[in-house]
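If you're matching positions, the sequence shown starts at 538 in the numbering used here and goes up one per residue. The C-beta atom is built at its ideal place from N, Cα and C for all residues, glycine as well. Below: one structure, written as structure tokens.
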Amino acid sequence: MATEIAIPTADIAGAAHQTAHARKPDPTVVVIFGASGDLTKKKLLPALFHLEESGLLPEEIAIVGVARRDLSKTFAPDMRKAIVDSGSKDDDPKLAGFMEKVSYFTTNFDDSDGYKRLNETLSAIDKAKGTKGNRLFYLAVAPEYFQEIIDRLGEQGMDKPGPSTKDAHVRVIIEKPFGHDTASAKELNDGVAKVFGEDQIYRIDHYLGKETVQNIFVLRFANAFFEPLWNAEYIDNIQVTAAEAIGIEGRGPFYEKAGVSRDILQNHMMEMLEFVAMDKPASNDAKDVIAEKVKLLKAIKPLTEENTVRGQYGPATVGGQPAKAYREEDRVNPESVTETFAAIKLEIDTPRWKGVPFYVRAGKRLTKRVTEIVIEFKKPKGAIVEGATSGACQGIPANLLRLRIQPDEGITIGFGNKRPTPDTTVCPVTAQFKYFDAFGKYTANGYERLLLDAMLGDASLFTHRDAVETAWSIYTPLLEAWAKNPPGDFPNYPCGTWGPAASDELLARDGHSWHEV
């Protein structure tokens, strides 16, 4: 049985004087396929150690890295260095004990005998470490290996507890991208479902591990002065921006297949949108939360090319340094029509959101790195005060609620306030909350919460198959239309800007403009 413990939030978040109650997972073996990759080194092992530092992992835990290359001699030292590089102290007394729980196993992903040996190794770990047959498999591999690994696990009976551990649990985390269109997502879902039950499958999106994304749920449903205004009567429009200043960073082959729409819009952006726009669930139980998310996705009206803009970055000088065009990137087609920017107007056909436009944009090589949600409220009807007609405080400012996801995580409320002069001139002011100011340095990378929830069996922050397929059904027709009508103006925005001019025109048609982020 899982036990209840009290833990200081500061252990993970770096915040002081906070406590929370959290369940410690049952004894578990975490098996990471693709352990030789950057995700394991830069995110997963540091996240697991952060949990260990905070006392959130059971004493009886083991971590087994699995990959094709023989790294048995270098894996543990490399992971230790990665943990220290992530911000943990080299002389942390818990680090040595944690590394004793880390081991490595070499096999090809299509080698049945390798899975048989792995099963035997895990059984031996159960006996030595007391992990009781509980398994959490993490597929940190390229999508083409998902089904192969799932099938081989099933072939060896590793999808279910062994006969001597019949009360144990077996779960699998699958990384994105989960398919590349509706048909492939359904095919993958069907293939995984032949081996694992839906309650065993955890489709992960690391954006849901970010504190400010999770905090949207709390902001709305734990505060009396937000949720009553969270509807079309009071909200004018909602804007979601996910901008990167960097380019594709050597990921040419991946980006040529994905583009920004498959890389960011269809998953990260939709996950944030679900929290912003879903109706209040009956409870915070995973089933109730998932049900509201799926209902929201199904209420999104079909996308049209007229309500979308796509772009691709061209060469420019940024910060005094030359920045090359996407078509000049390594292993990219010099005539590529892959989009590195997309802006979309979404409409949600529910009573809550009828008539409220949602503007979503994402892109590479933009002005800066920032992810932010801006909620613009309607100006009050029958206002009895007026703003100045000249100067810095002209007009009555719109009330803006800004949810900063990254960097400098926090919340800002913009409102009008009387200037301290003999007249009634109204000026825009802001009230700001920053995570750093309130809680101190935040050292977690977003995977801590997701890994912990998966070990606990809590799927609230993971994606259900219905949500995956519904999200793809929204974007697939648009992607197919784009493929049939390739753009003739790429590249159409210089590096270091906010994308093509058509992105501004998309909002201008409705009398809106992108808010500065």
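Item                                                                                                                                                                         : Value
When we look at the beta-carbon of Asp742 and count the other beta-carbons within 10 Å, is it buried (16 or more) or exposed?                                                : buried
In angstroms with no decimal places, state the Cα-to-Cα distance between Ile995 and Ile600.                                                                                  : Residue 995 is actually Asp in this sequence, not Ile. Distance between the alpha carbons of Asp995 and Ile600 is about 20 Å.
Express the C-alpha separation of Asp945 and Lys731 in angstroms, rounding to a whole number.                                                                                : 43 Å
Just list the residues that DSSP pairs Thr499 with in beta bridges.                                                                                                          : Coverage of the chain is limited to positions 538 through 1054, which leaves residue 499 absent and any answer about it impossible.
In the DSSP assignment, what are the bridge partners of Val777?                                                                                                              : Val897 and Ile910
Considering only the alpha carbon of each residue, which of Leu581, Phe791 and Ser573 lies closest to Thr1059?                                                               : For the chain, the structure presents residues 538 to 1054; residue 1059 sits outside this window and is missing.
Rounded C-beta distance between Ile772 and Phe914? I'm assuming under 8 Å.                                                                                                   : 6 Å
May I ask you to report which of helix, strand or coil DSSP gives Thr1000?                                                                                                   : strand
Pro562: which of Ala1038, His706 and Glu865 sits nearest, CA to CA?                                                                                                          : His706
By how many angstroms is the C-alpha of Cys1032 removed from the C-alpha of Ala899?                                                                                          : 14 Å
Since Ala1018 contacts Leu834 with CB under 8 Å, what's their CB separation in whole angstroms?                                                                              : Actually they are not in contact, since the Cβ atoms of Ala1018 and Leu834 sit about 20 Å apart, beyond 8 Å.
Do you know offhand how far Asp718's Cα is from Thr658's?                                                                                                                    : 37 Å
Do you know how far the Cα of Pro934 is from the Cα of Lys918?                                                                                                               : 14 Å
Cβ of Val750 within 8 Å of Cβ of Ile775?                                                                                                                                     : no
Quick check on DSSP: helix, strand or coil for Arg757?                                                                                                                       : helix
Rounded to whole angstroms, what is the Cα-Cα separation between Leu576 and Gly1048?                                                                                         : 43 Å
Just the C-alpha distance for Ser1040 and Ala880, rounded to the nearest angstrom, thanks.                                                                                   : 6 Å
Distance, Cα to Cα, Leu987 vs Leu745?                                                                                                                                        : 8 Å
Just tell me which of Lys669, Asp627, Phe674 and Ile662 has its CA closest to the CA of Leu581.                                                                              : Phe674
Is it true that the CB of Leu632 sits closer than 8 Å to the CB of Arg617?                                                                                                   : yes
Below 8 Å, can you find three or more Cβ-Cβ pairs linking the region 801–818 to the region 842–855?                                                                          : no
So for Ala572, helix, strand or coil by DSSP?                                                                                                                                : coil
Ignore the nearest five residues each way along the sequence and tell me which others in Ile801's own chain have a CB closer than 6 Å to its CB.                             : Ala779 and Ala899
Could you give the distance in angstroms between the alpha-carbon of Asp696 and the alpha-carbon of Ala584?                                                                  : 25 Å
Which of the three DSSP states, helix, strand or coil, is assigned to Gly1036?                                                                                               : coil
Tell me which residues share the same chain as Leu1016 and place their Cβ nearer than 7 Å to its Cβ, disregarding the 5 neighbours each side in the sequence.                : Asp718 and Ser798
Tell me the DSSP secondary structure of Thr1013 in three-state form.                                                                                                         : helix
Are the Cβ atoms of Thr668 and Glu597 separated by less than 8 Å?                                                                                                            : yes
Any idea if Asp647 is buried or exposed, counting beta-carbon neighbours within 10 angstroms, 16 or more meaning buried?                                                     : exposed
So is Ile942 buried or exposed if we call it buried at 16+ other beta carbons inside 10 Å?                                                                                   : buried
Given a cut-off of 8 Å, decide if Asn671 and Thr565 are closer than it, judged by their beta-carbon atoms.                                                                   : yes
Between which two residues does the alpha helix (DSSP H) holding Ile620 run?                                                                                                 : Phe612 to Asp622
Under the rule that 16 or more other beta-carbon atoms within 10 Å means buried, what is Pro1028, buried or exposed?                                                         : buried
Check Ile827 in the structure and name its three-state DSSP category.                                                                                                        : helix
For chain B, check one thing: does any of its Cβ atoms lie closer than 8 Å to the Cβ of Lys697?                                                                              : In the displayed structure, chain B is absent; only one protein chain is listed.
Drop a sphere of 10 angstroms on the beta-carbon of Val1005, count the other beta-carbons inside from all chains shown, and report buried for 16 or more, exposed for fewer. : buried
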